[in-house]
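Q: Here it is, the structure, as structure tokens.
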Amino acid sequence: MKGMSIIVKKICQILAPVIFLFGLYVVAHGHLTPGGGFAGGVIMASSFIFQIIAYGSILPKLRHEEHGLEFLESGAILGFLVIAALGLILSGTSIFFAEFLNKGTAGNLISAGFIPIENIVVGAEVCAGISIIFMALAVFKDEVTK
Amino acid sequence: MILFILCFVLFMVGLYGVIIKRNLIKIIIGVAIMEYSVNLFLILIGYVNEGNVPILPLPEALVNKPFVDPLPQALVLTAIVIGLATTAMLLSIAIRLYRKYGTFNIRKINSLKG
Amino acid sequence: MNSLVPLFILIPLGSAMIMSILGRFIKNFGKYLITLALLFLTGITFHLIINVPEVLVYKVGGFADVGNIPVAIYLVIDGFTKILLLIISLVGFLVALYSFSYTTQYTAERKFYILFSLMLAGMYGMVVSGDIFNMYVFLEISSMAAYALVAFGLEKHQLEASFKYQVLGGVASMLILMGIGFIYWQTGTLNVADIATQLPVGGVFIKFVAVLFIVGFGLKAAIFPFHSWLPDAHSSAPSPISAMLSGVLIKAIGIYVLFRLFFNMFALSYELSLAITVLGVLSMIIGGLLAIGQWDIKRLLAYSSISQMGYVILGVGIGMLVLSKGGSQVIAGFAIMGGLFHLLNHSVFKGLLFLSAGAVEYRTGTRDMKKLGGLAELMPVTSGTSMIASLAISGIPPFNGFFSKLIIIIAAIQAKYYTLAFLAVLVSIVTIGYFMKLQKFTFYNKDKKIWDKAKIKEVPFSMALSMILLAVLCLGMSLLAIPQFRDIFLQPAVKALIETVQYSVTVIGN
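Chains as they are written, first to last, in the numbering used here: chain A, 1 to 146; chain B, 1 to 114; chain C, 1 to 510.
Have a look at this one:
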């Protein structure tokens, strides 16, 4: 994939961090507002995809990134399972996904027990997953056209 | 009711794409359209006329007002994720097929018979 | 005791992710991890079958019911589930053992095992789940892994088979999701046990939803008019995966759900039972007839899978017909037991047949029966185990297939469906025919081809061991026909299906 013109590159450079930050915001407020891990993760991934489209894919670099992201993705799912299993162990009730943290008051940023933590993990997983899918397709396409 | 019928029509459009079209990419688009129509259908099930967002804590103005059913929305979110995975998987296989056969025409991709 | 239930999902899913991280640094980590995990799960399954006769109900998250409405996601293990857990764990373990040597030919061995454990996680989740939408999610997890595994070798025909499988699987998933949507619309709940109490009896609406489910799960289980993807996908996949797909996947994500929903969720109706039975009989006959003409070993086995699944549906379908007409519970129970017994047996001998076909391909590099022949002397273990499995599937007396077919035929006669009994006997003869063809052209028929004796030798130890263990199971499982064993393994499953209303009473308790 070839890169785009200088105007697109510059605007992308300015916008990508803002998009990423907005994604982080959506993930962090997942238990209070619409959105959450999945939606926020997609927004964060879109900032990466944006950059790849604007700057064009440089194959060896993308392959390297892909490995790191795969690591993050598996780690995130494992983290999700570990939190779920912690409920099984810590709450003393032998219940999967049991609540083991303080629930707090509804409406505060730090509340809802382990749900914000799960949201962050899901956000990381979705961001990594969607970026991997996009990169894999970009790499495939470049390999075909060569 | 008209919305449900339109939803069903959309499903049929997707099915038409899957059955009639000969191009791999068009078949994938057909599968995707079917997914969207089913997602739309699930959202319509939970829809309440003039309903509000189902979120706690409720602002004062929304207390004792009807709100839409949140469960189908959660289902649709899950179904969208699954749809994303299905589409990505189909596309990656289609790209690989293109590399092997040099065509997207399903008539010409026929090493399996019988 | 209850905390054993989520382990069935947690262990395979967790090990897939651990493999993905640690497998990069430790060589062969994945194969040992999944084999040990499956051995452990097999142990748990046997423990559950023998020591825990009651129905286990597990609420994820520990949310209590509000009024009589179940809020939490339910995981349910009853007698019928245990049978499926048994075949997933047992066949999965032996296939993992077989893969030890088989997968060394692939460059991305690690990914093979990741996908394999994801597929297992999906199947376990599918059978354990007591919630219809959760079933859909796990169905998609296992199907997605299966699509990727079918195309794992990245050869022309594998990619094509995978694409075909994915498109038809996608259509099936959409129909199932639509059915789930209709059910939620009508009842406002997704819990199978709760739906059973809320769903109206009879009416056009129920029939429409039931048809959506029959077509959807029929596509997943490759029942007759929806079978066109199965011979391609199952013959193109790597052999251990073919054994998993044919032996376990079509049962766990197709047949299991179909029976679970039609016995325990919908009220039994004569028309729907008749439709299911007719489809089963048609797939039994047409699968068998199409298998005769095949010259590719795995393609023949794939068509034979369609035919044998027809037997399973025939057995259980007779039970459904008898129950829906208000006939004798004993005859219905006997027919259902025959069907479920055949389901267990089929996963063992069809797994073994695919594994030995894979062994032949591993050494000779071809699956075409016209090019093979005279392998019996060179590969005695493969030939012997394949012969045992062929005898078992054709229904020759000391082996397990004979007893399950006999039970189905006797039940059909008792229920006065003489035509069905006659057809079952006829297809059994056809089965003997095409398996004799397979044996003759692959392993005997010496003068056809002279093999290079130095090159063609017996398969490596792990492959041979897993095939021998499966062959022993083929013989050993005929013991299940004896009442003592039958009461432990099969009777609870029959009871779970035959007491249709009891399911929702035990699960949600009202």
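Quick reminder that beta carbons are idealized off the backbone N, C-alpha and C, glycines included.
At which residue ranges does the segment 7-32 of chain C contain complete alpha helix (DSSP H) runs of 4 or more residues, listed in the order of the chain?
A: 7-22
Q: Quick one: Cα of F129/C to Cα of M135/C, how far?
A: Taking the third sequence and counting its residues from 1, one reaches residue 129/C at position 129. Taking the third sequence and counting its residues from 1, one reaches residue 135/C at position 135. For the sequence presented, residue 129/C should be read as Ser rather than Phe. Near 6 Å, if we compare the C-alpha coordinates of M135/C and S129/C.
Q: Three or more beta-carbon pairs under 8 Å between the segment 72-90 of chain C and the segment 430-448 of chain C, yes or no?
A: no
Q: Is the number of C-beta pairs between the segment 380-393 of chain C and the segment 345-364 of chain C that are closer than 8 Å three or more?
A: Under the three-pair Cβ rule at 8 Å, the segment 380-393 of chain C counts as touching the segment 345-364 of chain C.
Q: Between the Cα of A136/A and those of I49/A, A124/A, I117/A, F114/A, spot the shortest distance and give me the residue it belongs to.
A: To locate residue 136/A, count along the first sequence from 1; it is residue 136. Among I49/A, A124/A, I117/A, F114/A, the Cα nearest to that of A136/A is on I49/A.
Q: Would you identify the three-state DSSP class for V5/C, choosing helix, strand or coil?
A: Residue 5/C sits at position 5 when you count from the first residue of the third sequence. Note: V5/C maps to coil in three-state DSSP.
Q: Please state if the CB of I43/B and the CB of Q73/B are separated by a distance shorter than 8 Å.
A: Taking the first residue of the second sequence as 1, we reach residue 73/B at position 73. Taking the first residue of the second sequence as 1, we reach residue 43/B at position 43. Yes, Cβ-Cβ distance for Q73/B and I43/B is below 8 Å.
Q: Do R363/C and I530/C count as a contact pair if the criterion is CB distance below 8 Å?
A: Any question about residue 530/C goes unanswered here, given that chain C covers just 1 to 510.
Q: How many Å lie between I133/A and L97/B at the Cα?
A: Here residue 133/A refers to the residue found at position 133 when the first sequence is read from its first residue. Here residue 97/B refers to the residue found at position 97 when the second sequence is read from its first residue. Each residue's Cα considered, the two are about 17 Å apart.
Q: According to the Cβ coordinates, are F104/B and L24/B closer than 8 Å?
A: What you label residue 104/B is simply residue 104 of the second sequence in a count that begins at 1. What you label residue 24/B is simply residue 24 of the second sequence in a count that begins at 1. Yes.
Q: If we define contact as Cβ-Cβ less than 8 Å, is S305/C a contact residue for chain A?
A: Residue 305/C sits at position 305 when you count from the first residue of the third sequence. So, not an interface residue.
Q: If the criterion is Cβ atoms closer than 8 Å, does the pair Y184/C and G169/C meet it?
A: Sequence index remark: in the third sequence, residue 184/C carries index 184 (1-based). Sequence index remark: in the third sequence, residue 169/C carries index 169 (1-based). Going by C-beta atoms, Y184/C is not nearer than 8 Å to G169/C.
Q: At which residue ranges does the segment 387-439 of chain C contain complete alpha helix (DSSP H) runs of 4 or more residues, listed in the order of the chain?
A: 400-414
Q: When DSSP labels each residue in this structure, what does F67/B get in the three-state scheme?
A: Within the second sequence, numbered from 1, the residue matching residue 67/B stands at position 67. If DSSP states are grouped into helix, strand and coil, F67/B belongs with the strands.
Q: Compare the beta carbon distance of M284/C and G317/C with 8 Å and say whether it is the shorter of the two.
A: Walking along the third sequence from the start, residue 284/C turns up at place 284. Walking along the third sequence from the start, residue 317/C turns up at place 317. The answer is no: Cβ separation not under 8 Å.
Q: Give me the DSSP bridge partner(s) of S46/A.
A: The residue you call residue 46/A lines up with position 46 of the first sequence. DSSP, once it has assigned bridges, lists no residue as partnering S46/A.
Q: Report yes if the CB atom of L230/C is closer than 8 Å to the CB atom of A332/C, and no otherwise.
A: Counting from one through the third sequence, the residue named residue 230/C turns up at place 230. Counting from one through the third sequence, the residue named residue 332/C turns up at place 332. It is not a contact, given that the beta carbons lie outside the stated cut-off.
Q: Check the C-beta distance from M119/C over to A151/C and give it rounded, since I have them as a contact under 8 Å.
A: Sequence index remark: in the third sequence, residue 119/C carries index 119 (1-based). Sequence index remark: in the third sequence, residue 151/C carries index 151 (1-based). With a Cβ gap of about 13 Å, M119/C and A151/C do not count as contacting.
Q: Is I130/A close to chain C, meaning its C-beta is less than 8 Å from at least one C-beta of that chain?
A: By 1-based counting over the first sequence, the position of residue 130/A is 130. Closer than 8 Å: no.
Q: Can you find a C-beta in chain A that's less than 8 Å from the C-beta of M17/C?
A: Position 17 of the third sequence, counted from the start, is the residue given in the question as residue 17/C. Yes - at least one Cβ of chain A is within 8 Å of the one on M17/C.
Q: Counting only runs of 4+ residues fully inside the segment 358-386 of chain C, write out the alpha helix (DSSP H) ranges in chain order.
A: Within the segment 358-386 of chain C, not a single complete alpha helix (DSSP H) segment reaches 4 residues in length.
Q: Leaving aside the five residues before and after E458/C along the sequence, list all residues of the same chain whose C-beta is less than 6 Å from its C-beta, in chain order.
A: Stepping through the third sequence from its first residue, residue 458/C is reached at position 458. The answer, listed in chain order, is M379, V381.
Q: Does the beta-carbon of G125/C have 16 or more other beta-carbons within 10 angstroms, so that it is buried, or is it exposed?
A: Reading the third sequence from its first residue, position 125 is the one you call residue 125/C. G125/C comes out buried.
Q: Spatial neighbours of A128/A within its chain, please: C-beta separation below 6 Å, excluding the five flanking residues on both sides.
A: Along the first sequence, one-based indexing puts residue 128/A at 128. Hits under 6 Å: L69, L72, E73.
Q: Run down chain C in chain order and give the residues with a C-beta less than 8 Å from the C-beta of Y12/B.
A: For the purposes of this step, residue 12/B is taken as residue 12 along the second sequence, with counting starting at 1. Correcting the residue type first, residue 12/B is Met in the shown sequence and not Tyr. What M12/B touches in chain C: nothing, since even the nearest Cβ is about 12 Å away.
Q: Using a Cβ cut-off of 8 Å (strictly closer), state whether S394/C contacts chain A.
A: Here the question's residue 394/C lines up with position 394 in the third sequence. By this cut-off, S394/C is not an interface position.
Q: Once the 5 residues before and after G114/B are set aside, which same chain residues still bring their CB inside 7 Å of it?
A: Taking the first residue of the second sequence as position 1, residue 114/B is located at position 114. For G114/B, the predicted structure reports a pLDDT of 48, less than 50, and the residue's modelled location is therefore unreliable. A value from the coordinates is still provided. Once the five neighbours on either side are set aside, G114/B has no close Cβ partner at all.
Q: Per DSSP, what kind of secondary structure is L469/C in: helix, strand or coil?
A: Your numbering for residue 469/C matches position 469 in the third sequence. DSSP places L469/C within a helical segment (H, G or I) once states are collapsed to three.
Q: Where does N445/C sit, in a helix, a strand or coil, going by DSSP?
A: In the third sequence, the residue the question calls residue 445/C occupies position 445. Note: N445/C maps to coil in three-state DSSP.
Q: Look up L66/C in the DSSP assignment and say whether it is helix, strand or coil.
A: The sequence position of residue 66/C within the third sequence is 66, counting from 1. According to the sequence as given, residue 66/C is Val; it is not Leu. In this structure, V66/C counts as strand in the three-state DSSP scheme.
Q: Against chain C, which members of the segment 56-78 of chain B pass a CB distance test of less than 8 Å?
A: Cβ contacts with chain C come from L71, P72, L75, T78.
Q: With C-beta atoms as the reference, is F334/C less than 8 Å away from Q414/C?
A: Along the third sequence, read from residue 1 onward, the residue named residue 334/C stands at position 334. Along the third sequence, read from residue 1 onward, the residue named residue 414/C stands at position 414. The answer is yes: Cβ separation under 8 Å.
Q: Starting from the beta carbon of I77/A, find every residue of chain C whose beta carbon is closer than 9 Å, and list them in chain order.
A: Taking the first residue of the first sequence as position 1, residue 77/A is located at position 77. L13, G14, A16, M17, S20, listed in chain order.
Q: Which of helix, strand or coil does DSSP assign to K59/C?
A: In the third sequence, the residue the question calls residue 59/C occupies position 59. If DSSP states are grouped into helix, strand and coil, K59/C belongs with the strands.
Q: Going by other Cβ atoms of all chains shown within 10 Å of its Cβ, with 16 needed for buried, is H74/C buried or exposed?
A: Taking the first residue of the third sequence as position 1, residue 74/C is located at position 74. Residue 74/C is actually Tyr in this sequence, not His. It counts as buried.
Q: Figure out for me which residue from I69/C, G203/C, G401/C, Q166/C has the closest Cα to the Cα of T87/B.
A: In the second sequence, counting from the first residue as 1, residue 87/B sits at position 87. Here the closest residue by C-alpha is Q166/C.
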